[in-house]
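Mapping of the sequence shown onto UniProt numbering: residues 1 to 714, in sequence order.
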Amino acid sequence: QSEDSDKSSKESDSETEVEQVSGYHKLLATLKTSPESESEEEEDESESEEAEESEAEMDSEGSQKTGEAEEGEEDKNDVPEEEEATDTAEQMLSQQQADGTDTSCDPRHGVIEEFTDVKHESEFSLETNFMEEESGDCNADRRDSNPFKQHMDKELEEKEIEKMSTLPKTSSQSQWPRLGQVIFSSTLEKHKTLKADKEVDVKQLHLHKPLESTWPKVNKQFLSAVDKPIDSSFTPLQRELFCIMNSYQDLFYPERSALTNGEEIRHAYCLHALNHVLKANAQVLSNNAKRRDRKPGTDTDDHRDQGLTRPKVLMIVPFRECALRIVHIFISLLEVNDKKKIDVSNKKRFKGEFGSDPEEKPPNLRRPEDYEAIFAGNIDDHFRIGVAILQKSMRLYAPFYSSDIIIASPLGIRTVIGAEGEKKRDFDFLSSIEILIIDQADIYLMQNWEHVLHLMKHINLLPLDSHGVDFSRVRMLNLNNWSKYYRQTLLFSALQDPQINSVFNKHCFNYTGQVSIRNVPLTGSISQVVVQLPHVFRRLEADSVTSVIDGRFQFFIDKVLPEYRDAIMSHTLIYVPSYFDYVRLRNYFKKEDLNFTHICEYTKKAAVCRARRFFLKGEKQFLLFTERFHFYKRYTIKGIRNLIFYELPTYSHFYSEICNMLKATDNGVDATWTCTVLYSKYDAQKLAAVVGIDRTAQMLQSKKNVHLFVTGEN
1 QSEDSDKSSK ESDSETEVEQ VSGYHKLLAT LKTSPESESE EEEDESESEE
51 AEESEAEMDS EGSQKTGEAE EGEEDKNDVP EEEEATDTAE QMLSQQQADG
101 TDTSCDPRHG VIEEFTDVKH ESEFSLETNF MEEESGDCNA DRRDSNPFKQ
151 HMDKELEEKE IEKMSTLPKT SSQSQWPRLG QVIFSSTLEK HKTLKADKEV
201 DVKQLHLHKP LESTWPKVNK QFLSAVDKPI DSSFTPLQRE LFCIMNSYQD
251 LFYPERSALT NGEEIRHAYC LHALNHVLKA NAQVLSNNAK RRDRKPGTDT
301 DDHRDQGLTR PKVLMIVPFR ECALRIVHIF ISLLEVNDKK KIDVSNKKRF
351 KGEFGSDPEE KPPNLRRPED YEAIFAGNID DHFRIGVAIL QKSMRLYAPF
401 YSSDIIIASP LGIRTVIGAE GEKKRDFDFL SSIEILIIDQ ADIYLMQNWE
451 HVLHLMKHIN LLPLDSHGVD FSRVRMLNLN NWSKYYRQTL LFSALQDPQI
501 NSVFNKHCFN YTGQVSIRNV PLTGSISQVV VQLPHVFRRL EADSVTSVID
551 GRFQFFIDKV LPEYRDAIMS HTLIYVPSYF DYVRLRNYFK KEDLNFTHIC
601 EYTKKAAVCR ARRFFLKGEK QFLLFTERFH FYKRYTIKGI RNLIFYELPT
651 YSHFYSEICN MLKATDNGVD ATWTCTVLYS KYDAQKLAAV VGIDRTAQML
701 QSKKNVHLFV TGEN
């Protein structure tokens, strides 16, 4: 199996040809290190009017070299900005083709060859190792109440599988103290509705050794004296989330915040994932010993304890910093005390490739708190790493087929899976994933959601190769191709979005059912607007979700834009969440010969400075502005007098952030400020996040335009 592992690892490491030349990777080439690797001093200076001269000097240098070429390119096709990154992407691609390997881009070290550990293969092999008596918890694994055993040993029948494949889910709801409104759904009639535990005794959770003793120490940083129950090592949020995780039901929690609860959630799912892996491996090692000691000639079918491939847990996170924190949590949970340090292979290399240098961050970088929290540390988003855990040791950079846990970004896993028609692609290692954790799902909407969908289509499929597996040890559920009905999916996001909801509803088949948190916002982010501003919400009619895209464009050019064509309505910023809508609007503005400039996530630095200056001075009447640019940069745009939200923002707090940019220019024309928002009945979730649930209900019932005036004190 080790030979197969190494071979498949080498094959999977060379599969980036198609992805590297895609539009997203061209974006990646310009954006992956943007918040920290660019000279933010220049950009921050450009936010003050006094720095316009220095901006102009920089602009003149840039325009002599690239400005004219950029303007010429922009007239050639519909997606000109992507051309700006072509050289970088092609250089990276040629480097990969020359090496014959995949490359990961480290912001500090440039392009490096991906490393896979082959040195410790036999040491971490599940086939050749046996349970150490002192480290085992075999007795606990035999208990009927053990959630791991209950879930994995359940034998489904054909009629139950057919029922889950054809019948709709039934749902019920419950109110929990910390999570709020909890929705339970399942296809099987006998699904259970959990009740929130007020207190949790660690000993009753059936945690594998040494987690019972290490978890309270590792998690104490989140516990406060105020809400700390007696003998509890969980926060109220962790207690309720882990109650669901430990039941092996799917979970969708859309209230994760990088500022507040992100780290305590990360600790909770790391505990669950590690507990699962330790129990699964202990079962295999224990059965190895039983098979070794059995009498010759006896054959038994009692030791079916593994999947078709070894990886059990897949953790999808957006940045290398997230992977670094997860591995650190794993190490902390495995180390009983300072004297009993665990052996971690390739730890130094891992810190070098996944860590960051605090001195690299510009000292005058001024961004909102949530931005600082999201983009902390190493923000490269093209990575993957295999982790093997065996008793008292951890192996980083394990080949995928020798790994228990795979930690990867959507792009990192996408380049291994490949696309149909490619000679070298590999997704067999996803065949027996038992726990899928997708953290910070909202960020993937800003990266490339297609990568997430691509993953969901290739997980828990029958492998194309045996990879040296002993079929006498494979569970029947895997042989029957029923893995997806046993897989637990944990989905964490900062918001509810139709695309995220769709993944949870259409790609999660867990026989134990799904649990989702559905709390509605009472106030909305409009209450955070501090400028006195009239908000006009204009409703457009659409017959379907697909027709709303064309309907919005037609409504905008027929009803909204004519009101802003007059020169008196200058300094108009148009906020566009979708890049495709942005391209469509930009092409229309060019066709109509409107006086406008534009900034998107592909726009080069000099062009951004030029566009901001033209807009501030009123030389350009309109500024087209994409949401992804705002997500990655958070620059303050000066000179805004009129705002148009072509569509409601994905992140509700972006609404107040953009509105509050009006105060950046104090020129005594407050009374002329306007804000217009386009929405349809399909924008209910986004609308509620901006104006609150009560106003949303009224606005969706009424077909008239809604006028709101925010005084800054709401």
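Even glycine gets a Cβ: it sits at the ideal position worked out from N, Cα and C.
Just so it is clear, the structure is predicted and the values come from calculations on it, not from any experiment.
In the DSSP secondary-structure assignment, T572 is bridged to F622, N642. Looking at the backbone, the Cα of G639 and that of K591 are separated by about 25 Å.
The alpha-carbon separation between H303 and E255 amounts to approximately 41 Å. Q238 carries a helical assignment under DSSP once its states are collapsed to helix, strand and coil. Judged by pairs of C-beta atoms under 8 Å, the stretch 404–420 does not touch the stretch 286–293, as fewer than three such pairs exist.
Assigned with DSSP and collapsed to three states, H382 falls in coil, not helix or strand. DSSP places S652 outside any beta strand (DSSP E); the residue lies instead in the alpha helix (DSSP H), whose first and last residues are 652–660. Taking 8 Å as the cut-off, the Cβ atoms of F383 and R320 count as close.
Separation of A419 and V387 (C-alpha to C-alpha, rounded to the nearest whole angstrom) is 25 Å. Within the stretch 437–497, the runs of alpha helix (DSSP H) at least 4 residues long that lie entirely inside it are, in chain order, 441–446, 449–458, 476–479. In the DSSP assignment, D250 falls within the beta strand (DSSP E) that extends over 250–253.
The DSSP-derived three-state label of A388 is strand.
Apart from sequence neighbours up to five positions away, the residues of its chain that approach F631 with a beta-carbon distance below 6 Å are M446, ordered along the chain. Looking at the DSSP output, A408 sits in a beta bridge with I316, R384. For the pair Q514 and C508, the CB atoms are nearer than the 8 Å cut-off. Only residues of its own chain outside the window of five on either side were considered, and among them Q496 have a CB closer than 6 Å to the CB of Q685, listed in chain order. Inter-segment contact for the stretch 426–436 and the stretch 481–490 is present: three or more beta-carbon pairs are separated by less than 8 Å.
Look at Q514 here: in three-state DSSP terms it is strand. Counting only residues of its own chain and dropping the five nearest sequence neighbours on each side, R178 has a CB closer than 7 Å to the CB of P236, L237, E240. If you look at T187, you'll find it isn't in any beta strand (DSSP E); DSSP assigns it neither H nor E. Per the Cβ contact rule, the stretch 552–563 is in contact with the stretch 523–541 (3 or more Cβ pairs under 8 Å).
For V560 against L464, the beta-carbon gap comes to about 53 Å, at or over 8 Å, which does not count as contact.
Under the 8 Å Cβ criterion, the stretch 316–333 counts as touching the stretch 205–220, having at least three qualifying pairs. It is roughly 48 Å from the alpha-carbon of A398 to the alpha-carbon of D550. Bounds of the alpha helix (DSSP H) holding C609 are 605–617.
Burial state of D694 is exposed, judged by a 10 Å Cβ sphere holding fewer than 16 other Cβ atoms. With the rule of 3 Cβ pairs closer than 8 Å, the stretch 365–376 does not count as touching the stretch 265–276.
Of all C-beta pairs linking the stretch 574–592 to the stretch 641–650, three or more are shorter than 8 Å, placing the two stretches in contact. Between the stretch 601–609 and the stretch 645–658, the count of C-beta pairs closer than 8 Å stays below three; the two stretches do not touch.
Between F504 and L491, the CB-CB gap stays under 8 Å. The three-state reading of DSSP puts T415 in helix, counting H, G and I together. A straight line joining the alpha-carbon of D370 with that of V336 spans about 34 Å.
If you draw a 10 Å sphere on the C-beta of G307, you find 16 or more other C-beta atoms in it, and that means buried. Under the three-state reduction of DSSP output, W176 falls in the strand class. Bridge pairing for H535: C675, L708 [DSSP].
In chain order, G618, Q621 place their CB closer than 6 Å to the CB of S570, counting only its own chain and leaving out the 5 sequence neighbours on each side.
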